[in-house]
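Chemist:
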Amino acid sequence: MSEKSSNSSGSDEDVDPESGQPVIELGGVLSKWTNYIHGWQDRWVVLKNNTLSYYKSEDEREYGCRGALCLSKAMISPHEFDECRFDISVNDSVWYLRAEDPAHRNQWIDSIELHKAESGYGSETSLRRHGSMQSLTSAASGFSATSTSSFKGHSLKEKLAEMETFRDILCRQVDTLQKYFDSCADGVSKDEFQRDRVVDEDEDDFPSTTRPNGDCLHNNNGDCLHNNNGSKEKLFPPASPKGINGIDFKGEAITFKATTAGILSTLSHCIELMMKREDSWQKRIDKELEKRRRVEDAYKNAMSDLKIKSHYGGPDYEEGPNSLINEDEFFDAVEAALDRQDKIEEESEKVRLPRLTPAPPVDAYSAIANHRFSTGPHSHCSSLSSVELVSASDDVHRFSTQVEEMVQNHMTYSLQDMGGDANWQLVVEEGEMKVYRREVEENGIVLDPLKATHAVKGVTGHEVCHYFWDTAVRNDWETTIENFNVVETLSENAVIVYQTHKRVWPASQRDVLYLSAMRKILATNENDPDTWLVCNFSVDHDNAPPTNRCVRAKINVAMICQTLVSPPEGDKEISRDNVLCKITYVANVNPGGWAPASVLRAVAKREYPKFLKRFTSYVQEKTAGKPILF
Ligand code: 9N3
Numbered sequence: 001m002s003e004k005s006s007n008s009s010g011s012d013e014d015v016d017p018e019s020g021q022p023v024i025e026l027g028g029v030l031s032k033w034t035n036y037i038h039g040w041q042d043r044w045v046v047l048k049n050n051t052l053s054y055y056k057s058e059d060e061r062e063y064g065c066r067g068a069l070c071l072s073k074a075m076i077s078p079h080e081f082d083e084c085r086f087d088i089s090v091n092d093s094v095w096y097l098r099a100e101d102p103a104h105r106n107q108w109i110d111s112i113e114l115h116k117a118e119s120g121y122g123s124e125t126s127l128r129r130h131g132s133m134q135s136l137t138s139a140a141s142g143f144s145a146t147s148t149s150s151f152k153g154h155s156l157k158e159k160l161a162e163m164e165t166f167r168d169i170l171c172r173q174v175d176t177l178q179k180y181f182d183s184c185a186d187g188v189s190k191d192e193f194q195r196d197r198v199v200d201e202d203e204d205d206f207p208s209t210t211r212p213n214g215d216c217l218h219n220n221n222g223d224c225l226h227n228n229n230g231s232k233e234k235l236f237p238p239a240s241p242k243g244i245n246g247i248d249f250k251g252e253a254i255t256f257k258a259t260t261a262g263i264l265s266t267l268s269h270c271i272e273l274m275m276k277r278e279d280s281w282q283k284r285i286d287k288e289l290e291k292r293r294r295v296e297d298a299y300k301n302a303m304s305d306l307k308i309k310s311h312y313g314g315p316d317y318e319e320g321p322n323s324l325i326n327e328d329e330f331f332d333a334v335e336a337a338l339d340r341q342d343k344i345e346e347e348s349e350k351v352r353l354p355r356l357t358p359a360p361p362v363d364a365y366s367a368i369a370n371h372r373f374s375t376g377p378h379s380h381c382s383s384l385s386s387v388e389l390v391s392a393s394d395d396v397h398r399f400s401t402q403v404e405e406m407v408q409n410h411m412t413y414s415l416q417d418m419g420g421d422a423n424w425q426l427v428v429e430e431g432e433m434k435v436y437r438r439e440v441e442e443n444g445i446v447l448d449p450l451k452a453t454h455a456v457k458g459v460t461g462h463e464v465c466h467y468f469w470d471t472a473v474r475n476d477w478e479t480t481i482e483n484f485n486v487v488e489t490l491s492e493n494a495v496i497v498y499q500t501h502k503r504v505w506p507a508s509q510r511d512v513l514y515l516s517a518m519r520k521i522l523a524t525n526e527n528d529p530d531t532w533l534v535c536n537f538s539v540d541h542d543n544a545p546p547t548n549r550c551v552r553a554k555i556n557v558a559m560i561c562q563t564l565v566s567p568p569e570g571d572k573e574i575s576r577d578n579v580l581c582k583i584t585y586v587a588n589v590n591p592g593g594w595a596p597a598s599v600l601r602a603v604a605k606r607e608y609p610k611f612l613k614r615f616t617s618y619v620q621e622k623t624a625g626k627p628i629l630f
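Numbering of the sequence shown is given in our numbering, commencing with residue 1 and proceeding in unit increments.
#1: Within 10 angstroms of the Cβ of Asn-493, are there 16 or more other Cβ atoms? Answer buried if so, exposed if not.
#2: What does Glu-463 pair with, by DSSP beta-bridge criteria?
#3: Looking only at C-alpha atoms, which of Gln-562, His-541 and Ala-99 sits nearest to Phe-399?
#4: Counting Cβ pairs, one atom from each stretch, are 3 or more of them under 8 Å apart for the region 535-555 and the region 566-577?
#5: Between Leu-490 and the ligand 9N3, is there a pair consisting of the residue's CB and a ligand heavy atom that are separated by less than 7 Å?
#6: What is the DSSP secondary structure of Asn-227, reduced to helix, strand or coil?
#7: Count the other C-beta atoms from every protein chain shown that fall within 10 angstroms of the C-beta of Pro-596, then say buried if there are 16 or more, exposed otherwise.
#8: Looking at Val-619 and the ligand 9N3, is the gap between the Cβ and the nearest heavy atom below 7 Å?
#9: For Asp-511, name the three-state secondary structure that DSSP assigns.
#10: By Cβ distance below 6 Å, which residues in the same chain neighbour Leu-97 in space, the five residues on each side in sequence not counted?
#11: Tell me which residues share the same chain as Tyr-63 and place their Cβ nearer than 8 Å to its Cβ, disregarding the 5 neighbours each side in the sequence.
#12: DSSP state of Leu-127, grouped into three classes?
#13: Where does Ala-298 sit, in a helix, a strand or coil, going by DSSP?
#14: Just tell me which of Thr-489, Glu-319 and Thr-531 has its CA closest to the CA of Ala-507.
#15: Is the distance from the Cβ of Leu-612 to the Cβ of Met-418 below 8 Å?
#16: Taking 8 Å as the threshold (C-beta atoms), are Ala-455 and Tyr-659 in contact?
#17: Comparing the CB of Ala-604 with every heavy atom of the ligand 9N3, is any distance shorter than 7 Å?
#18: Using alpha carbons as the reference points, say which of Ala-517, Arg-519 and Tyr-498 lies closest to Asp-511.
#19: Go ahead and label Arg-340 buried or exposed: buried means 16 or more other beta carbons lie within 10 angstroms of its beta carbon, across all protein chains shown.
#20: Taking the C-alpha atoms as reference points, what is the distance between Tyr-299 and Arg-293?
#21: At a threshold of 7 Å, does Gln-499 count as lining the ligand NAP (C-beta to nearest heavy atom)?
#22: List the endpoints of the continuous alpha helix (DSSP H) containing Arg-340.
#23: For the alpha helix (DSSP H) containing Val-403, list its first residue and its last residue.
#24: Could you say which of Thr-460, Ser-414 and Glu-526 lies nearest to Asn-578 if we only look at CA atoms?
#25: Shorter than 7 Å, the distance from the beta carbon of Tyr-436 to the closest heavy atom of the ligand 9N3, or not?
#26: In whole angstroms, what is the alpha-carbon distance linking Thr-500 and Thr-489?
#27: So what does DSSP say about Ala-553, is it helix, strand or coil?
#28: Cβ of Pro-591 versus every heavy atom of the ligand 9N3: is any distance shorter than 7 Å?
#29: Comparing the CB of Ala-553 with every heavy atom of the ligand 9N3, is any distance shorter than 7 Å?
#30: With distances taken Cα to Cα, identify the nearest neighbour of Val-495 among Ala-472, Gln-509 and Trp-505.
#31: Are there any heavy atoms of the ligand 9N3 lying less than 7 Å away from the beta-carbon of Ile-445, as far as the coordinates show?
#32: Return the chain-ordered list of same chain residues with a C-beta closer than 6 Å to the C-beta of Ala-337, the five sequence neighbours on each side being excluded.
#33: Leaving out five residues on either side along the sequence, give the residues of the same chain with a beta carbon under 7 Å from the beta carbon of Glu-463.
#34: Quick test of your reading: Ser-535 and Cys-561, contact by CB under 8 Å. State the CB separation rounded to the nearest angstrom.
#35: At a cut-off of 7 Å, is Val-504 close to the ligand 9N3 when judged by its beta-carbon and the heavy atoms of the ligand?
#36: Please tell me whether, using a cut-off of 7 Å, the distance from the CB of Arg-510 to the nearest non-hydrogen atom of the ligand 9N3 is below it.
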C-alpha cells in the first residue's frame, strides 16, 4: 500500500534549466476530499516545480494530472482538530488533504513550505541539498495509501473534523452559489466570474485548480463546466437578485451557514461531554477493576484457607517432618490446646464432690515407731494392703535387677546438687519449688532432662511416694492422662503401667509403657533421713497395646523424697507441723516423634511446675488431719 516516488538529486531526467541542478520530485499518497458521493479518496500527490499536482494513482500518472495548484501564493493550513488533515488554498481553490498520521501530515507541510521557499525566494542550491529534503524523500516512502474507510468513525474528534470539512465545503458552495447568483443579478459576465478557475477534470468538487495558463474550460454552451457539485450540467439559469422562484438565496445561505455552525458547536459540545463521561467511566472501570482484583485475591486466600482448614486434622496438618504447619502455628495450637484442657479441668473441678477422706489411721504411733524398718501405708491410704518395703530382697520379680539399678543411679546422681553446673538452668521458681532443665537434643528431638526440687510442709516422703505410685489415685491428680491401665502387677510395690496422654493437638498423641516401682532406701548414716522414691521407667511388655495410634514416649522419672522432722515443742507429740518433705523430682522424657523443640520446651516449662504444685497440694490435702505415715 505504501508508495513513494522521488527523483533523487543527481537524476539526469529532470534538470533545472536555470541552476542546472536536478529537480527534486516528491510524491506520496494522500487522501483527498472529492465530493459527497466519493468522500475521501487516495490520490498520488506530487510536489514538483513549485506545483502540487495529483493523480488518481501512481500508475495512472501517464494519463495526466487531475489537478494542480501553484504553490507561490498557496496557503497551507493544518487542521485545528484533525491532526492528519491539512488544507491548501490558492485564492478560492482549496484542496482538503489528509495524511496517514500526524507525523506524515507534518512532513508534507514542511516539505511543501520548504519547496515553496526554495523555488520562490530562497537560495535554491542550499535548500535543495537541505537535509530535510533528503529526509523527506525517505519519509515519503512512509506515505501510505489510506483508504476512506480507515477514517470512518475512529473517534468522535475525527467525526467532528469531518463535519467541519462538510461545513467548509458547504460554505464554499454557498459562497460560489451566492457569487453565481450575485453575478447573475448584477449582469456580470461569466468570464469575469470564472477568471481564475480551471476545470478540475476528475470527480472532485474542490478545488477548482489554477491552470498554468489561467484558462477555464468551457462546454459547448459556453458555460463553465465546473460547478462544484460534481455534475457537469448547467447549474441554474441566470436569475433575479431575489432568487429563482422568489427564493431569498442569500438569506437561505446565511441561515444555512448559521445552522451548520450551530451543528458543529453542538457536536463539539457533545464531544466534550462524551469525553468527560468517558473519563469518568474510565475511572469507574479502573476502580471496579481494582475492586475486582482485591476480591479475587481475597477469594483466593479464603479458598486456600478453606483448603487448609478442610485438611485440619488430616495428616498434613499435624505433627510430622513434613507438616504444613510452621513452628509458630504449631506452638500457638499447642498452647491453645493446653489452655482448653486447663479450662475443662477447672470446670470439672468445680462440679466435683470433695474428695472422699478415708478413715483416720488405726495406729499412728506404731507407724512412727516402725518407720525405720518396715512401713506400710495406713488403711486410709488406698485400697492396697500394707506393704513391707524394707529392702529389695522382699520384692523379687523379673525386673528387680533393673529396678535396683535405676534406684541406685537415682540415689547416686539425681540427688546430687547441681549448684554450679552451668548446664542446669532454672526455668521456674515458685516458693520452695525450683524447676531446672538441661537442654539436650538428639536427632532434633528434645530430651531436656528436668530436675525440680520442692519442700512440702506437713507430709512425709512415704506419703508423697505412695500417692505418686498408687494407680488407684492417679486420676485424682494426673491431668495429662487420657487413659491408663496396669498391664502387670509385678509385686506389691511394682507395676507395669500403660498410659495414653491426652493429645495436645496438633502434636501426635503419646503413650508410655513403664514400670513404676516404689522403694524405701534406708539411710546409711543414722543422722541422715531415709529416702522414699518412686521410679517410673520405660520397659517393653508383651501385653502392651501396639503403638498404632500413638507415638511412644520413653520416660525415666523419679520422685525422690526425704522427710525432715523438727522436734515438737515440750512434750507435745509430733504433728504435721513438724514434718517437711524434701522432694527431688527428675524426669527424662523422650517424647519421640517430630514435635518442634520450641513446642516441647514450652510444654515442659508449663506442665512440670503445674504438675508438681497440683500433686503436692493433693498430697497435703489428702493427708491433712490424718495420722502421719512415716
Ligand atoms: C512430656 C509425657 C509427655 C511429654 C511426659 C510422662 C511425662 C512429659 C511426667 C510421665 O512423672 S510421670 O511419670 C507421671 C506419670 O504420668 C510423667 C511427664 C514433656 C513434653 C513435658 C516432656 C508426652 C505427652 C505429650 C506432651 C506434649 N505429647 C506431646 C506434647
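Even glycine gets a Cβ: it sits at the ideal position worked out from N, Cα and C.
Modeler: Looking at the atomic coordinates:
#1: Counting the other Cβ atoms within 10 Å of the Cβ of Asn-493 gives 16 or more, which makes it buried.
#2: Answer is none; Glu-463 lacks a bridge partner.
#3: Closest option to Phe-399, Cα to Cα, is His-541.
#4: Short answer: they don't touch.
#5: Checking the Cβ of Leu-490 against the ligand 9N3 gives no.
#6: Low confidence applies here, because Asn-227 scores a pLDDT of 35, under 50, leaving its location unreliable and the question unanswered by this model.
#7: Buried: at least 16 other Cβ atoms inside 10 Å.
#8: The ligand 9N3 never approaches Val-619 closely enough for any of its heavy atoms to be under 7 Å from the residue's Cβ.
#9: Correct three-state label for Asp-511: strand.
#10: Here the set comprises Leu-30, Lys-32 and Phe-86.
#11: Answer for Tyr-63: Tyr-55 and Lys-56, listed in chain order.
#12: Per-residue confidence for Leu-127 stands at a pLDDT of 31, beneath the threshold of 50, marking its modelled position as unreliable; the derived number appears in the next sentence. In this structure, Leu-127 counts as helix in the three-state DSSP scheme.
#13: Looking at Ala-298 - three-state DSSP - the assignment turns out to be helix.
#14: Of Thr-489, Glu-319 and Thr-531, the residue nearest in Cα terms is Glu-319.
#15: No, the pair does not count as a contact, with Cβ atoms beyond the cut-off.
#16: Nothing can be reported for residue 659, as the shown portion of the chain is limited to 1 through 630.
#17: For the ligand 9N3, at least one heavy atom lies less than 7 Å from the Cβ of Ala-604.
#18: Residue Tyr-498 holds the alpha-carbon nearest to the alpha-carbon of Asp-511 among Ala-517, Arg-519 and Tyr-498.
#19: Burial call: exposed.
#20: The alpha-carbon atoms of Tyr-299 and Arg-293 are separated by roughly 10 Å.
#21: This structure does not include the ligand NAP; its bound ligands are the ligand 9N3.
#22: Counting along the chain, Arg-340 sits inside the alpha helix (DSSP H) bounded by residues 327-351.
#23: From DSSP, the alpha helix (DSSP H) with Val-403 extends over 400-409.
#24: Ranking Thr-460, Ser-414 and Glu-526 by CA distance to the CA of Asn-578 puts Thr-460 first.
#25: No; taking the cut-off as 7 Å, the Cβ of Tyr-436 has no heavy atom of the ligand 9N3 nearer than that.
#26: If you take the alpha carbons of Thr-500 and Thr-489, they lie about 18 Å apart.
#27: DSSP, reduced to helix, strand and coil, places Ala-553 outside both helices and strands of the structure shown, so it counts as coil.
#28: Yes, the ligand 9N3 has a heavy atom inside 7 Å of this Cβ.
#29: Indeed, a heavy atom of the ligand 9N3 lies less than 7 Å from the Cβ.
#30: Comparing Cα-Cα distances from Val-495 to each of Ala-472, Gln-509 and Trp-505, the minimum goes to Ala-472.
#31: Not under cutoff, so the answer is no.
#32: For Ala-337, where only same-chain residues beyond five positions count, the Cβ hits under 6 Å are Val-504 and Trp-505.
#33: Once the five neighbours on either side are set aside, the close Cβ partners of Glu-463 are Val-619, Thr-623 and Leu-629.
#34: According to the sequence shown, residue 535 is Cys rather than Ser. Separation of the CB atoms of Cys-535 and Cys-561 is rounded to 12 Å, and the pair is thereby denied contact status at 8 Å.
#35: Yes, since a heavy atom of the ligand 9N3 falls inside the 7 Å radius drawn around the Cβ of Val-504.
#36: Result yes, Cβ under 7 Å from the ligand 9N3.
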